[in-house]
Every structure is written in C-alpha cells, then in structure tokens.
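For reference, the structure is listed below as structure tokens.
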Amino acid sequence: MLSLTNVVFSYDKSKILNNISFSVEKGKHISLIGESGSGKSTLLKVIYGLEDLDEGKIFWNDTEVLGPKYNLVPGMSFMKYLAQDFDLMPFTTAAENIGKFLSNFYLEEKQKKVEELLDLVEMTEFSNVKVKNLSGGQMQRVAIARVLALEPEILLFDEPFSHIDNSRKNNLRRSVFNYAKEKGITCIVATHDMDDALSFSDEIIVLKNGEIIASEKPKELFSKKNNLEVAKLFGDVNQISKKYFELDSFEDILVYPFELVVVEKSKLEVNVIKSYYKGQKYLVEAKYKEGVLYFESLVSLKPGVTLYLTLLKLSN
Numbered sequence: 044m045l046s047l048t049n050v051v052f053s054y055d056k057s058k059i060l061n062n063i064s065f066s067v068e069k070g071k072h073i074s075l076i077g078e079s080g081s082g083k084s085t086l087l088k089v090i091y092g093l094e095d096l097d098e099g100k101i102f103w104n105d106t107e108v109l110g111p112k113y114n115l116v117p118g119m120s121f122m123k124y125l126a127q128d129f130d131l132m133p134f135t136t137a138a139e140n141i142g143k144f145l146s147n148f149y150l151e152e153k154q155k156k157v158e159e160l161l162d163l164v165e166m167t168e169f170s171n172v173k174v175k176n177l178s179g180g181q182m183q184r185v186a187i188a189r190v191l192a193l194e195p196e197i198l199l200f201d202e203p204f205s206h207i208d209n210s211r212k213n214n215l216r217r218s219v220f221n222y223a224k225e226k227g228i229t230c231i232v233a234t235h236d237m238d239d240a241l242s243f244s245d246e247i248i249v250l251k252n253g254e255i256i257a258s259e260k261p262k263e264l265f266s267k268k269n270n271l272e273v274a275k276l277f278g279d280v281n282q283i284s285k286k287y288f289e290l291d292s293f294e295d296i297l298v299y300p301f302e303l304v305v306v307e308k309s310k311l312e313v314n315v316i317k318s319y320y321k322g323q324k325y326l327v328e329a330k331y332k333e334g335v336l337y338f339e340s341l342v343s344l345k346p347g348v349t350l351y352l353t354l355l356k357l358s359n
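By the working numbering, the letter at position 88 of the sequence shown is numbered 131, and the numbering carries on one by one without gaps.
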C-alpha cells in the first residue's frame with residue numbers, strides 16, 4: 044500500500060502542497076484532477092522522491108520514500124515516473140528505448156517483451172525508427188511502453204495521453220490501463236482528461252491550491268455535485284435555483300446539461316441563444332430569468348425559440 048500522511052512541500056518559500064493525506068492499495072488506479080497549478084505534477088514528483096518534503100511521510104508498504112537529501116540518484120527503484128517531457132534517447136530506436144532497462148542476460152526474453160510492448164502501444168512498424176524522427180504522439184507511446192517494460196510496483200503518469208491523436212487515444216488507454224491491471228501495477232495519473240479519470244480510475248482525488256478538496260469513486264464524485272468547482276472539472280454545469288423545479292426551496296442546485304429536458308410547460312422558461320453540434324447531440328446555450336444555462340438537444344434549435352425545461356428525473 045502507498046500511504047501519504049500530512050505531506051507538505053514548498054518551493055522558494057511558496058507552499059505548493061499542504062497537508063496531503065491519502066492511501067492507495069496495491070493494484071488500484073487513482074486519478075489526480077484539478078485546474079492547472081493545483082499541484083498535480085508536483086505531487087507525482089514528491090511521491091517518486093524527486094523532492095524533499097517540508098513535513099509528512101510517504102511509505103510504500105514498509106519502505107519510506109525519501110528525496111534527494113537521502114538518495115544519490117533521486118527516485119525510488121520500485122516506481123516508474125513518466126513526465127511530460129518523456130526523457131527518451133533521441134538517437135536510438137523506439138525498440139532500443141523500450142528495452143533500455145531490461146537485462147541483456149536473457150536476450151530472447153528481452154526481445155519478446157519489447158515486441159509485446161511495441162504491439163501494446165501500436166508502434167510495431169516504427170520499432171527501428173530513431174526517436175528523433177518520431178512525432179510527439181509516437182514519442183509519448185514509446186515512453187509509455189518504456190515505463191511499463193520493467194512492470195514496476197507503482198506507475199506515476201503525468202498527462203500520459205496528451206500528445207496522442209483522438210483516433211488512437213481511446214484504444215491506447217484501454218490497452219495501457221488494462222495491462223497495468225493485469226500485472227497488478229498501482230497507477231497514479233495526473234490528468235485533465237475526464238475520460239481518463241472517469242473510465243479507468245478506482246478513485247479520483249481533486250486538488251485545489253495544493254490541497255485535497257474531494258476524494259471519491261468516479262461515479263459518486265460525478266453524481267454528488269455538491270461543489271461547483273469540482274463539478275466544472277467534468278464539463279459544463281448549471282447552477283439553478285430549486286424554485287424552477289417546484290422543489291419548495293430557493294437553494295441552488297448543480298445540474299449537468301444532459302439532466303435538463305424540454306417539456307410542454309414549466310417554471311423554467313428559456314430563450315435559445317445558440318446550438319453547438321457535438322456529434323450525436325447539440326449543446327444548446329439559452330437565456331433564462333437569472334442568466335445563461337446549457338442543455339442538450341437531439342436537434343439544432345434556432346436562436347430566439349422559447350422553450351420550457353425541467354429536470355430529467357422530474358419529467359418521468
């Protein structure tokens with residue numbers, strides 16, 4: 044188990060992480076989400092042992108994670124950390140990069156492992172291409188394969204699919220996270236991509252200004268909606284008074300666009316501003332008495348059209 048207890052870290056006297064505590068069981072996948080500057084990347088570096096803590100403790104089972112003051116070579120041997128700069132060897136091939144940390148004592152097994160990982164990240168046809176001649180997305184796929192090669196106990200990913208084309212991203216992350224699960228590798232992923240967080244995490248931790256403001260299983264965190272800042276991380280969200288839904292209260296509730304449906308008549312009267320095509324549906328921007336809100340529609344709605352909305356669960 045990985046455990047962090049009251050972790051505090053500062054840089055140039057500016058506090059970056061404040062009183063961070065959580066634990067992760069072996070083989071579990073955790074996503075770190077939050078706005079830029081919330082401390083996600085710094086937290087990964089601290090967990091890996093690249094920085095010295097001001098206060099607190101980090102343990103993997105009975106082994107304490109210590110920083111550069113205690114280790115000649117920073118970083119813990121049982122972890123692998125994939126930073127956003129990849130740290131590849133540009134003048135060697137994709138295959139050579141992936142096999143860098145594998146022993147040459149059993150060459151046949153090494154070759155088999157490299158081929159397996161090249162296939163996993165869909166880079167087989169580029170195995171003999173020097174890294175300097177690869178695209179950014181291809182480099183990122185090689186970097187992912189390289190950190191998987193030794194099957195570490197813990198993998199730390201910082202925006203692992205940020206350079207990958209959308210056409211390849213979904214299949215790649217399914218392959219990578221399923222592979223890690225099969226091998227029992229604990230994963231901690233800092234990401235802005237909610238598909239990473241919602242679909243592949245056992246738990247999501249939300250950071251703001253270096254502090255944990257929420258920690259839940261993906262479904263519970265998405266559904267709870269008791270914090271506007273957290274809900275906004277998952278996309279558009281409306282803050283609407285309960286009075287519009289005849290819920291006998293003037294308190295505001297948070298409502299995702301898909302939770303609003305058109306009805307024949309209701310207290311929530313809106314005027315369409317614009318429809319945005321989203322593939323299978325449209326996101327509709329509309330005015331109402333207290334501002335602007337968003338809802339979904341299967342068809343494009345003309346500006347100026349007046350409609351009435353209610354909550355999906357109240358329309359049934």
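All C-beta atoms, glycine included, are put in the ideal place defined by N, C-alpha and C.
Owing to the predicted nature of the structure, the values given are computational and were not obtained by experimental measurement.
Residues near residue i in its chain [Cβ-Cβ closer than 7 Å; skip 5 each side]
i, result
"L160", "I141, A188, L191, A192"
"G82", "I59, L60, L250, G253"
"S53", "I59, D97"
"A126", "D201"
"K345", "V315"
"E194", "K226, I228"
"P261", "A240, L241, S244, I247"
"I296", "I283, K285"
"S309", "Y351, L352, T353"
Span of the alpha helix (DSSP H), counted from its first residue to its last, around residue i
i, result
"S84", "83-91"
"D238", "237-243"
"V232", "From DSSP, V232 is part of no alpha helix (DSSP H) but of the beta strand (DSSP E) over 229-233."
"V273", "271-275"
"E263", "261-267"
Sequence-distant residues of its chain with Cβ nearer than 8 Å to residue i (five each side left out)
i, result
"G118", "Y91, G92, L93, Y124"
"F293", "S284, K285, K286"
"V51", "K58, L60, N61, N62, I63, L96, D97, E98, G99"
"E196", "K69, W103, F121, M122, I228, T229"
"G347", "N314, V315"
"K175", "P133, F134"
"L163", "A188, L191, S218, V219, Y222"
"D55", "none"
"V306", "Y351, L352, T353, S358"
Closest by C-alpha distance to residue i, when choosing among the options
i, options, result
"N49", "A257, I59, K58, I63", "I63"
"E246", "I59, S66, N61, S53", "S66"
"E333", "M166, G322, S284", "S284"
"S84", "V172, F301, S178, K251", "K251"
"L109", "L199, K88, L344, F301", "K88"
"K330", "E339, T353, N314", "N314"
"E139", "A233, E165, F169", "F169"
"T229", "F52, H72, L352, H206", "H72"
"N209", "E307, K267, I256, G180", "G180"
"L336", "G278, T136, G80, S74", "G278"
"Y299", "M44, V232, V305, E339", "E339"
"Q323", "F301, V306, V305, S242", "F301"
"I255", "L177, V327, L75", "L75"
"E165", "N214, E328, A257", "N214"
Endpoints, the beta strand (DSSP E) within which residue i is located
i, result
"K330", "325-331"
"M122", "122-125"
"S284", "281-284"
"F301", "Where F301 is concerned, there is no enclosing beta strand (DSSP E), given that its DSSP letter is neither H nor E."
"S79", "It is not in any beta strand (DSSP E) - S79 carries neither H nor E in the DSSP assignment."
"S57", "57-67"
"L350", "349-354"
"N314", "311-320"
"Y54", "45-54"
"V335", "334-340"
"G293", "For the record, residue 293 in the displayed sequence is Phe; it is not Gly. First-last for F293: undefined, no H or E at that position."
"V249", "246-251"
"K71", "No beta strand (DSSP E) holds K71; DSSP gives it neither H nor E."
"E94", "Looking at the DSSP string, E94 is not in any beta strand (DSSP E), and its letter there is neither H nor E."
Residue i classed as buried or exposed, judged by whether at least 16 other C-beta atoms fall within 10 angstroms
i, result
"F144", "exposed"
"R184", "buried"
"P133", "exposed"
"D201", "buried"
"L271", "exposed"
"T349", "exposed"
"M182", "buried"
"G77", "buried"
"P111", "exposed"
"L311", "buried"
"D128", "exposed"
"K156", "buried"
"N281", "buried"
"V116", "exposed"
Cβ shell of residue i (< 6 Å), same chain only, five flanking positions each side left out
i, result
"F204", "K212, R216"
"M237", "F277"
"S343", "S318, Y325"
"I231", "I73, L199"
"N171", "T136"
Below-8 Å beta-carbon distance, residue i vs any chain D residue
i, result
"D295", "Absent here is chain D; the protein component of the structure consists of one chain."
For a minimum of 3 consecutive residues, which ranges assigned as the beta strand (DSSP E) are wholly contained in the region 131-219? Those beta strand (DSSP E) runs which fall completely within the region 131-219 and span 3+ residues are 197-201.
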